[in-house]
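Colleague:
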Amino acid sequence: MILLKRQTVENQKMPYSLLAKGETPQVITIEESTDDQVEIHGYCESPCKKCLYNVGIFLSFGLLLLLVKWFPQWRVWMTCQPCSVATASVLILKDIHGTITVLNVIVESVSSSIPPELVYSRSVSSISSHSHDSMNFNYSPTSSYRHFVHNCVKYVWDSRLCCFKRLKGYEGLPCSEFYEKFHGLPASEEEEKREIYGPNNIAVEVKSYFDLFINEVLNPFYIFQAFSVMLWLFDDYVLYASCILIITLISITIALREVRRQQITLRDMVSRSNAVTVTVRRQDGVFEDIPSSNLVPGDVLAIPPRGCHMPCDAVLITGNCIVNESMLTGESVPETKTPLSKHDDEAYCPLAHKRHTLFCGTEVIQTRYYENNRVLAVVVRTGFSTAKGELIRSILFPKPLGFKFYMDSLKFVVLLFCISALGMAYSIYCYIERDSPIGQTIVRALDIITIVVPPALPAAMSIGIVYGQTRLKKQKIYCISPPRINIGGKLKLICFDKTGTLTEEGLDFWGIIPTTEGKFKELEHDVNILSEHDSLKVCMASCHSLTIIDGEIRGDPMDLKMFNATKWELEEPGSDNTKFDLLNPTVIRPSTKKLSKIPCSGPEGDVMLAQETNCDDKLISFPLSPTKDNSLLDEMPYEVGIIRQFPFSSGLQRMSVMCRTLGSRHMDLYCKGAPEKIASLCLSETVPVNFPELLKDYTLQGYRVLALAHRKLDPKLSWHHAQKIKRDQVEKDLTFLGLLIMQNTLKPETTPVIKVLKDAKIRCVMVTGDNVMTAMSVARDCHMIPESDRIIVINGVAREHEKSAHLSFEYAETLNLRNSNSTISEAISANGDMSPVLSTFVDAVPQHYHFVMDGKTFGVIRKYFPEMLPKILLRGTVYARMAPDQKTQLVESLQNIGYVVGMCGDGANDCGALKAADVGISLSDTEASVAAPFTSNIPNIRCVPIVIREGRCSLVTSFATFRFIALYSLTQFVSVLILYTVDTNLTDQMFLYIDMGVITSLAISMGYTRAYDKLVPERPRVSLISVPNVVSLLAQVAFLTVTQVGSIIFLQNQKWYEPVHGSKGEDEDIFPCWENTVVFLVSSWQYVAIALIVSDGPPYRKHFFTNYFYLTVLFCVLAFNLFLLFNPFELFATIMGIVKWEPTQRLMFRVTLLLMVLCNFFLALAFEMLVANSRWLRWLVRKIKNKKEAKNEYKRIDKALYADYEWPQVNKTVYESGPILISQ
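Its first residue numbered 37, the sequence shown is counted upward by one per residue in the numbering used here.
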């Protein structure tokens, strides 16, 4: 949808010629209410502004170019002026995540025929003269059009809409027109269209190392580091600067290799659908081989009989295809694709008509075609507009992370810059007081910035993530988005798919309940007890989408179990299939081991078949002589041919097949699907009266129940008519055959994991496409819904004609009824009143309830009851019959009320939700896993607590490392200011030892501590600017400042002390002296003390002494510090840049320094344990802030729900125009 902003009603009716004058600035929003929604601001170049901009570049020595690279919109503001989007040459785009992009509008000349509304001309009258309703193409050889490309998608200017719109293929075209208009494109027209649509490539750019290097070093972090290195070199810190430069180059090289490796991996993943040769049909009916990159929408593609990898999105118009769509869905079960209906005038939509659409990147395993006809498909989308292109775009342009820890870290860096400004002012004061040279004063002042804001800070923060990713990989959990690991530590709610995630992948056949004369018979566990001619058995054998691939029957696991239970055989078209003339349908028959021919009583001996006269279908032969029908049919084997298949539709919740039994004069329809849906299509007299009660009994026990039905079709229905007839014309007036009961057992790991998560106060929600009752039972069985809690089922009805949309709340079951044979109807009387048992149960636990609903109800709530949605989400636990897009909507709705949401699915239909969730975990190792940040080779939900534990560990490690680096920088800041006061500084060797020998080694080894084994309800702190963290930092800085100042005062009071002396020249103010030696020795111990204080252990990480790497580094640093303090060799003292002394010289002074550092450590540790991490401090902060409401919206809603005892009003209907039930 395209929306114009800042326009009056008159402007909306304004012709294009008036809009094109560019007198009024214009802002437009395109692709509204989609993930690609973009707000566009138009600008045109201003010569005066551009001249001033160039002057600014010259005066800033090129620094302005860096700023406009980091903030590209600044360049537009400085060089352009706002104008109408209709005439803009430069656009500023702002997406729904707030990301800013600057693009140039391209005016491209084409020799192709383009629709008149796309034609761009500076002569506005020539454009406005076109009829807006015209669909004819302009064949002017000098036509041009305006467009821009954003995130690999082309947007073109539409003069009718006065707006940019996305260049699309043939979505929205009536289905019937695919047969009427598309008979193949001539090569010339194909080339013309390619000028507009571009080549059919999903091109993932693999940049050269040089380009990657330039882009990397222009990052603000590396610019700051380059500035720091130059400053150090200018200040004669040659050794230190050289080491930092070498380490930085190594770090950049490793990072660039990883980036390029990921780009190559992604390019290789999409390359299979790029460089292939395809066959297309031309307008004259000739077939031609062309490169797949030449395909354009409208081409008619011939699918090879042995299959191929689809290079585009195409809709089938002839023949059938067996397709593996695991790349898109994660489900490796083959799908059968059928041709689009010729007589359907519904607008084509790839998702709505996915049973007829071959998606790019999927594998066509084999094709089915009649006679010598080819399987043909019309190309509808190419390049990045395809399904695979959209998936790759989601990887190339992921949703930005708005994680609080990362945002706080940026704020904290700004705070450090402010502190450095104060330090700079003090240093300038000190050096001016001493009449130091201006150059030295400036260098010393700027050096403060590199100390307070350490260049290694971003790299240090990623240490926890790197180690977390490595540990996850060892546990067979792979992460393609490392920053998500930290987010996993803050998960508050997990959505689980059911089948294949909570329960076993497949369903096992458990039994059938046949019906006779509208009554249920006894449950049967063996299908073979039925006659081979029984309609129920034939329905089980025929109503499926199974196919034979390489001699093996493959398809949906449930269909496979159902078919195998019949012990029938399946035969697909082949050279030996002569019973069916032209169509060659799929044939099913009882096992040949059971077949026995009855001798024919006639003289013919063998069965003779002939074509039916007066019929155009030529499908199945009939006996020659009507007088011999009985004898021929007796000898004729019992075989059923599947004439047409109406595939399963999640919207219709059923599938059906049209069959004809060999020798029969009529066709039959067999249907299976959701029991409620099938029952509604059956003749009422054939549906048993106790159908609802029996269905609930089995679904509440966790069984998957399907209903089967049959209809005998009109003998006049021919094969030709059967291929055209719509399913709603035959899927009616059915005869109810019975129930098929499948058993879906929980995975053994499910219940223990759910308990672990619930004990950690992490909400668990089930999102499934299965039946409501089955999902509810599984939720009970795995204790997602405790036995003591009550369940309220919400039923929603959409607005229809004059009837308002409404919701109803009903109790589902009680604890007392759960394990009995009683049904739900016994708990609630006919007039809706609760039974005494249920009333007692409800009164016992008034607030412990869970909402259960299906996808239809969820849609009704979102559309007609948006004010009620947040409250329902807070208590919703089971969402059944959810379509893939509804799963995504649910995840986003939960995020909107403040939850950090995780999603765990097996990849089938979960890709959208996996991408939308803060942390998506796919249990599928197919290519669909690229949609999820995490992919687990552990085939159960045991991976979920692992990801959370590692996330918490990584988050705490990042937090600890950040504090460590921040305190290190502040410690060194204090050290340098103290030394500036006495007119000296740390030597080159001292800086090198502190940064490389102490800080880097401790920071790297600190992150190696492993995750704690248990999940606890408390979540780790992530706010760097929270009061406890700020109090802790201030206290630590105070302790270390007092210790360092005290050590200097203690030094100055020694009889043997001699103040700093020597020349005050610019190059001679840094040399070994007592002041910098004492500060260096004391601060070296303080860094170790800080590392120990920030090394948090349980409940998120193990104790630091379990980290042997860390212990080894600590031991080495402590030993070396002791060595420096007590027994430096003369040569070694020279190397380290400290004063020389004998081992026994001034021993008590050195021991006193050590004692001062130990006092510093124990005081700081006590403050951290008794004050900073105490509950009373957090309580005091809340009291001071007078915080009455919770920060997260879901907590505020929860508080309101507990205060409102009248909601929900069970057994009452709420209409959309009625009052809001929840008090605010």
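Note that beta-carbon positions come from the ideal geometry of N, C-alpha and C, so glycine has one too. These figures come from a predicted structure and were not determined experimentally.
Is A916 helix, strand or coil when you go by DSSP?
Modeller: Residue numbering aside, residue 916 sits at position 880 when the sequence shown is read from its first letter. Note: A916 maps to strand in three-state DSSP.
Colleague: Return the CA-CA distance between C707 and F218, expressed in angstroms with no decimal places.
Modeller: Within the sequence shown, residue 707 is the residue found at index 671, counting from 1. Within the sequence shown, residue 218 is the residue found at index 182, counting from 1. Cα to Cα, C707 sits roughly 34 Å from F218.
Colleague: Could you spell out the range, first to last residue, of the alpha helix (DSSP H) harbouring E216?
Modeller: Along the sequence shown, read from residue 1 onward, the residue named residue 216 stands at position 180. Where E216 is concerned, the enclosing alpha helix (DSSP H) stretches over E213 to E216.
Colleague: Distance, Cα to Cα, P882 vs R826?
Modeller: Within the sequence shown, the letter at position 846 stands for residue 882. Within the sequence shown, the letter at position 790 stands for residue 826. Here the model assigns P882 a pLDDT of 46, short of 50, so the residue's position is not dependable, and the following value carries that caveat. Taking the straight line joining both Cα atoms gives about 9 Å.
Colleague: Would you check if the region 784-792 and the region 546-560 touch, i.e. whether three or more CB-CB distances between them fall below 8 Å?
Modeller: no
Colleague: Within a Cβ cutoff of 7 Å, which residues of the same chain sit near D921, ignoring the five residues on either side of it in sequence?
Modeller: For the purposes of this step, residue 921 is taken as the residue at position 885 of the sequence shown. The answer, listed in chain order, is G948.
Colleague: Could you spell out the range, first to last residue, of the beta strand (DSSP E) harbouring A338?
Modeller: As a working note, residue 338 is residue 302 in the sequence shown. Segment V336 to I339, the beta strand (DSSP E) holding A338.
Colleague: Distance, Cα to Cα, L991 vs F97?
Modeller: Locating residue 991 in the sequence shown gives position 955, where the first residue counts as 1. Locating residue 97 in the sequence shown gives position 61, where the first residue counts as 1. Each residue's Cα considered, the two are about 41 Å apart.
Colleague: Leaving out the 5 sequence neighbours to the left and right, which residues in its chain are closer than 8 Å to L394 when beta-carbon positions are compared?
Modeller: Counted from its first residue, the sequence shown places residue 394 at position 358. These residues qualify, in order along the chain: I339, M346, D349, A350, V351, L352, C357, V359, K373, V400 and A413.
Colleague: Since F532 sits in a beta bridge, which residues does DSSP pair it with?
Modeller: Numbered from its first residue, the sequence shown carries residue 532 at position 496. According to DSSP, which records beta bridges pairwise, F532 is partnered with M802 and C940.
Colleague: Tell me the residue span of the beta strand (DSSP E) that contains H77.
Modeller: As a working mapping, residue 77 is identified with position 41 in the sequence shown. Residues V74 to E81.
Colleague: For C979 versus R1046, is the C-beta distance shorter than 8 Å?
Modeller: Position 943 of the sequence shown, counted from the first residue, corresponds to residue 979. Position 1010 of the sequence shown, counted from the first residue, corresponds to residue 1046. Against a cut-off of 8 Å, the Cβ pair of R1046 and C979 comes out as no contact.
Colleague: Between which two residues does the alpha helix (DSSP H) containing T1170 stretch?
Modeller: The residue you call residue 1170 lines up with position 1134 of the sequence shown. Note, T1170: alpha helix (DSSP H), E1166 to M1172.
Colleague: Considering only their Cβ atoms, is the gap separating G891 from A848 smaller than 8 Å?
Modeller: For the purposes of this step, residue 848 is taken as residue 812 along the sequence shown, with counting starting at 1. For the purposes of this step, residue 891 is taken as residue 855 along the sequence shown, with counting starting at 1. Cβ distance not < 8 Å, so A848 and G891 don't count as in contact.
Colleague: If the criterion is Cβ atoms closer than 8 Å, does the pair G591 and P375 meet it?
Modeller: Indexing the sequence shown from 1 puts residue 591 at position 555. Indexing the sequence shown from 1 puts residue 375 at position 339. With contacts defined by Cβ atoms closer than 8 Å, G591 and P375 do not form a contacting pair.
Colleague: If contacts are defined as beta-carbon pairs under 8 Å, then L101 and I93 qualify, I think. What distance do you get, rounded to the angstrom?
Modeller: Within the sequence shown, residue 101 is the residue found at index 65, counting from 1. Within the sequence shown, residue 93 is the residue found at index 57, counting from 1. The Cβ separation is near 6 Å, so the contact holds.
Colleague: Less than 8 Å between the C-beta atoms of T997 and A1039, yes or no?
Modeller: Residue 997 sits at position 961 when you count from the first residue of the sequence shown. Residue 1039 sits at position 1003 when you count from the first residue of the sequence shown. Their beta carbons are under 8 Å apart, which means T997 touches A1039 by this criterion.
Colleague: Could you please give the first and the last residue of the uninterrupted alpha helix (DSSP H) stretch that includes A1125?
Modeller: If you number the sequence shown from 1, residue 1125 lands on position 1089. W1110 to V1130 is the span of the alpha helix (DSSP H), which, as asked, contains A1125.
Colleague: Mind checking which residues open and close the beta strand (DSSP E) that includes K373?
Modeller: In the sequence shown, the residue the question calls residue 373 occupies position 337. Residues E371 to K373.
Colleague: Select from C531, A743, L88 and E231 the residue whose C-alpha is nearest the C-alpha of V146.
Modeller: Along the sequence shown, one-based indexing puts residue 146 at 110. Nearest C-alpha to V146: E231.
Colleague: Below 8 Å between beta carbons: does that hold for E711 and L688?
Modeller: Translated into positions along the sequence shown, residue 711 becomes position 675. Translated into positions along the sequence shown, residue 688 becomes position 652. Reading the sequence as shown, one finds Pro at residue 711 and not Glu. Contact flag unset, no.
Colleague: Suppose contacts are defined by Cβ-Cβ distances below 8 Å. Is I326 in contact with V336 by that definition?
Modeller: Taking the first residue of the sequence shown as 1, we reach residue 326 at position 290. Taking the first residue of the sequence shown as 1, we reach residue 336 at position 300. No. Outside cutoff.
Colleague: Specify, as a first and last residue, the run of the alpha helix (DSSP H) that P256 falls within.
Modeller: Against the sequence shown, residue 256 aligns to sequence position 220. Its alpha helix (DSSP H) spans residues P256 to F270.
Colleague: Can you tell me which residues form a DSSP beta bridge with E399?
Modeller: Counting from 1 along the sequence shown, the entry for residue 399 is found at position 363. According to DSSP, which records beta bridges pairwise, E399 is partnered with H345 and N360.
Colleague: Within this structure, are the beta carbons of K204 and S421 separated by less than 8 Å?
Modeller: Your numbering for residue 204 matches position 168 in the sequence shown. Your numbering for residue 421 matches position 385 in the sequence shown. Cβ atoms of K204 and S421: closer than 8 Å.
Colleague: Using the beta-carbon count (16 or more within 10 Å), is V1130 buried or exposed?
Modeller: On the sequence shown, residue 1130 is found 1094 positions in, with the first residue counted as 1. It counts as buried.
Colleague: Look at the alpha carbon of R911 and the alpha carbon of L1147, and state the distance between them as a whole number of angstroms.
Modeller: As a working note, residue 911 is residue 875 in the sequence shown. As a working note, residue 1147 is residue 1111 in the sequence shown. Distance between the alpha carbons of R911 and L1147 is about 47 Å.
Colleague: Opposite W774 in the DSSP bridges: which residues?
Modeller: Sequence index remark: in the sequence shown, residue 774 carries index 738 (1-based). The sequence shown places Gly at residue 774, rather than the Trp named in the question. BP columns for G774 point to P550 and L744.
Colleague: Hey, L773 and S571 are a contact pair by Cβ (cut 8 Å); roughly how many whole angstroms apart?
Modeller: Locating residue 773 in the sequence shown gives position 737, counting from the first residue. Locating residue 571 in the sequence shown gives position 535, counting from the first residue. The Cβ separation is near 6 Å, so the contact holds.
Colleague: Could you check the C-alpha separation between D1234 and E1225 for me, to the nearest Å?
Modeller: In the sequence shown, counting from the first residue as 1, residue 1234 sits at position 1198. In the sequence shown, counting from the first residue as 1, residue 1225 sits at position 1189. Answer to the nearest angstrom: the Cα atoms are 11 Å apart.
Colleague: Could you check where the alpha helix (DSSP H) with F249 kicks off and where it finishes?
Modeller: Translated into positions along the sequence shown, residue 249 becomes position 213. Unbroken alpha helix (DSSP H) run through F249: Y245 to V253.
Colleague: Go through the region 578-605 residue by residue and report every complete run of the alpha helix (DSSP H) that reaches 4 residues or more, in order.
Modeller: 593-602
Colleague: Between L488 and L452, how many whole angstroms is the CB-CB distance? I'm expecting something under 8 Å.
Modeller: Mapped onto the sequence shown, residue 488 falls at position 452. Mapped onto the sequence shown, residue 452 falls at position 416. The sequence given here places Val at residue 488; Leu does not occur at that position. Confirmed, about 5 Å.
Colleague: For the 8 Å Cβ check, are there 3 or more pairs between the region 84-92 and the region 220-228?
Modeller: no
Colleague: Closest to C1109 by C-alpha separation, out of F1185, C718, M820 and T1020, would be which residue?
Modeller: Counting from one through the sequence shown, the residue named residue 1109 turns up at place 1073. The residue with the shortest Cα to Cα distance from C1109 is T1020.
Colleague: Given this structure, state the Cα-to-Cα distance separating R342 from L596, to the nearest angstrom.
Modeller: Taking the first residue of the sequence shown as position 1, residue 342 is located at position 306. Taking the first residue of the sequence shown as position 1, residue 596 is located at position 560. So the two alpha carbons sit approximately 23 Å from each other.
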